[in-house]
Each structure stands twice: as structure tokens, then as C-alpha cells.
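Read the structure below first, then the notes.
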Amino acid sequence: MLMRTDPFRELDRLAQQLMAPGTWSKPSAMPMDAYREGDEYVVAFDLPGVTPEAIDIDVERNMLTVKAERRPVAKAEDVQMELSERPLGAFCRQIVLADTLDTEHIKADYDAGVLTLRIPIAERAKPRKISVGVVGGQKEISG
1 MLMRTDPFRE
11 LDRLAQQLMA
21 PGTWSKPSAM
31 PMDAYREGDE
41 YVVAFDLPGV
51 TPEAIDIDVE
61 RNMLTVKAER
71 RPVAKAEDVQ
81 MELSERPLGA
91 FCRQIVLADT
101 LDTEHIKADY
111 DAGVLTLRIP
121 IAERAKPRKI
131 SVGVVGGQKE
141 ISG
């Protein structure tokens with residue numbers, strides 16, 4: 001059976017999803033980078049124009065949830081908006097963290113519109129050397 005497809009339908013859907021403002025019931029995604037740096041796992045979120053007070057970070061079990069809201073800048077009554085391209089509304093991102101991360105000691109910093117979370121690697125997940133012991137001592141073989 002043949003199906004007719006529109007190659008631009010998915011592109012239109014993605015563009016609408018990215019350009020539509022987010023609400024708390026349907027928040028938009030926020031861009032992020034994640035990488036390991038030494039003994040820490042680092043996650044950086046782009047949140048330009050968001051005040052630190054509008055950022056909410058939660059960890060429940062191994063689920064990290066970051067929510068933020070960008071509100072419109074207060075304007076005087078005589079201001080007429082000519083162009084508005086910066087997205088407003090709610091943003092949310094959820095990440096499942098590995099059991100090897102120490103969620104009790106997450107550090108969060110916000111600078112120049114970037115929220116950076118530093119999650120230490122748990123001690124139990126770090127490589128360690130295990131020594132081999134000798135049991136019993138030497139034994140004679142008699143024949």
C-alpha cells in the first residue's frame with residue numbers, strides 16, 4: 001500500500017513547535033549542552049532574558065526538571081510594538097540522570113543567560129583499584 005507524504009509537513013510542525021510561545025501547560029523546549037568535565041557532569045541551558053527568580057530546578061529520584069518563564073518587559077502605555085520575535089512564555093526540560101551521579105550535591109549558576117548545572121559523579125561510580133589477596137599460603141603437592 002502506498003502512502004502519500006508531504007515532505008514539508010514535519011518541517012512545518014517543528015517550526016511551529018519551536019516558534020510557538022510556551023505556556024505552563026505546554027512549555028517550549030530550551031536548548032542545552034551536556035558533557036563530562038573531570039569528575040562532574042555539566043548541563044548548560046540557554047535562557048537569555050530570564051531572571052534567576054523565574055527559574056525552577058527540581059530533582060525527584062533521577063529525574064531533573066528545569067522550568068523557566070520569560071515574561072514581557074513592562075512597557076509604557078504610549079509604546080507601540082513594531083516587531084516581536086523573542087519568544088515569551090514557559091520553557092521546560094526534563095532529563096533522566098544516571099544512578100552514577102550524586103544528585104544531593106548539584107550546583108547551579110546563572111550567568112549571561114546561561115544556566116549551568118554541575119552534578120558530581122558519585123564516589124561509588126569512580127574507578128578504583130581492587131587488590132587481590134592470597135588465601136591460605138603455599139600448599140605442597142605430594143604424589
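Just so we're aligned, residue 1 is where the sequence shown starts under the UniProt record's numbering, counting upward by one. All C-beta atoms, glycine included, are put in the ideal place defined by N, C-alpha and C. It should be emphasised that the depicted structure is a prediction, and the values quoted were computed from it without experimental measurement.
For residue i, which three-state DSSP category applies?
i	result
Glu37	strand
Ala98	coil
Arg124	helix
Met3	Residue placement at Met3 is flagged as unreliable, the pLDDT there being 48, under the threshold of 50; the coordinate-derived value follows with that caveat. Correct three-state label for Met3: coil.
Among the candidates the options, whose CA atom is the shortest distance from the CA of residue i?
i	options	result
Met30	Ser131, Pro87, Lys107 and Gly38	Pro87
Thr103	Val134, Leu47 and Ile119	Ile119
Lys67	Thr51, Val79 and Val135	Thr51
Leu42	Leu101, Arg128 and Lys126	Per the sequence presented here, residue 42 reads as Val, with Leu not at that position. For Val42, the nearest C-alpha among the options comes from Leu101.
Lys107	Lys75, Glu123, Asp78 and Asp58	Asp58
For the beta strand (DSSP E) that residue i lies in, which residues bound it at each end?
i	result
Val59	Ile55 to Glu60
Ala68	Met63 to Arg70
So is residue i buried or exposed if we call it buried at 16+ other beta carbons inside 10 Å?
i	result
Arg71	exposed
Arg61	exposed
Ser84	exposed
Arg69	Residue identity check: residue 69 is Glu in the sequence provided, not Arg. That one is buried.
Just list the residues that DSSP pairs residue i with in beta bridges.
i	result
Lys107	Arg118
Ser28	Phe91
residue 166	Nothing can be reported for residue 166: it is not among the residues displayed for the chain, which extend from 1 to 143.
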